[in-house]
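To keep things clear, I will list the structure first and then write my remarks on it.
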Amino acid sequence: MVERSRHLYSCLLTDHSIETAFSKKPQYKLVVCGHSLGAGIASFLSVILHCKYPDVKGYAFSAPLGMMNQELADYCKPFLLSIIYGYDIFARMNKSTISDFKWRLIDALSACKVPKHRLLSRGLFVCMRRCLFKWCLPQCFQPESSTTVGSDTLLLDASTQERLIYSLPQIPCDNDEMRIRFSVDDDTSNSGE
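Here is the structure:
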């Protein structure tokens, strides 16, 4: 993302695109925006442009989590706004959320009473039907009920559903992988980042 931002910046400078736009519409402000991975690029491009154009505003919709350290995030607060809508998983994805998802999935599969081949085949059928037959008339695929996996049978009992949705799973802890360090020293000058 940083490399793409630098490349875009060099293209903007080479083509004089920003100066041309300002000469045509001097009352306009410079705004950079992006979504998902483009939000990451837009964030870094805003940082780069801020040196030459201090009035730049950046809007990052669902940018990847963990792109910036705290110092850079504090620097960007006046000119960069990051927006995450609802439960967007991409913007919240990191090592611990992936691990949490993995163990919740394992927990759900172990508690499920339906054979796993049935779950996979039903899911594959629904996916193929949605993806391959888009050319068909809409009335061809008007289901009597919801076409989600498990709509025809109870996959998980109520207590298991409650446990998976509202509580944290018991995650086996690998000390090397899951160690959390709390540091109080403020020396970030020799981090090299």
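The numbering of the sequence shown is the UniProt record's numbering, which starts it at 1 and goes up by one.
Where is the CB? At the ideal position from N, CA and C, for every residue including glycine.
Just curious, the alpha helix (DSSP H) that residue i is in, first and last residue?
i, result
"Ser10", "2-15"
"Val114", "No alpha helix (DSSP H) contains Val114, which DSSP labels as neither H nor E."
"Asp74", "70-76"
"Leu37", "37-52"
Can you tell which of the options has its C-alpha closest to the C-alpha of residue i?
i, options, result
"Ala91", "Glu19, Leu8, Leu37", "Leu37"
"Leu8", "Pro26, Ala73, Ile48", "Ile48"
"Leu81", "Gln70, Tyr59, Asn94", "Tyr59"
"Ile89", "Phe101, Pro78, Phe79", "Phe101"
"Phe61", "Ile83, Val126, Lys77", "Ile83"
"Pro54", "Asn69, Met67, Cys112, Cys76", "Cys76"
"Ser96", "Val114, Leu65, Arg118", "Leu65"
"Phe79", "His16, Thr20, Lys29", "Lys29"
Give me the DSSP bridge partner(s) of residue i.
i, result
"Lys57", "Val31"
"Leu81", "Tyr59"
Measure the beta-carbon distance from residue i to residue j and round it to whole angstroms, keeping in mind my assumption that it falls under 8 Å.
i, j, result
"Ser99", "Ile41", "About 27 Å separates the two Cβ atoms, so there is no contact after all."
"Asp39", "Ala63", "The residue asked about is misnamed: residue 39 is Ala in this sequence, not Asp. With a Cβ gap of about 4 Å, Ala39 and Ala63 count as contacting."
"Met1", "Met68", "Contact doesn't hold; Cβ gap of about 11 Å is too wide."
State buried or exposed for residue i, treating a residue as buried only when at least 16 other CB atoms are found within 10 Å of its CB.
i, result
"Leu13", "exposed"
"Val56", "buried"
"Val32", "buried"
"Cys140", "Bear in mind that a pLDDT of 46 at Cys140, under 50, signals an unreliable position, so the model cannot answer this."
"Leu45", "buried"
"Cys11", "exposed"
"Ser43", "buried"
"Cys51", "exposed"
"Gly34", "buried"
Is there at least one non-hydrogen atom of the ligand NAP closer than 7 Å to the beta-carbon of residue i?
i, result
"Ala42", "As presented, the structure is devoid of all ligands, the ligand NAP included, so that no description of it is given."
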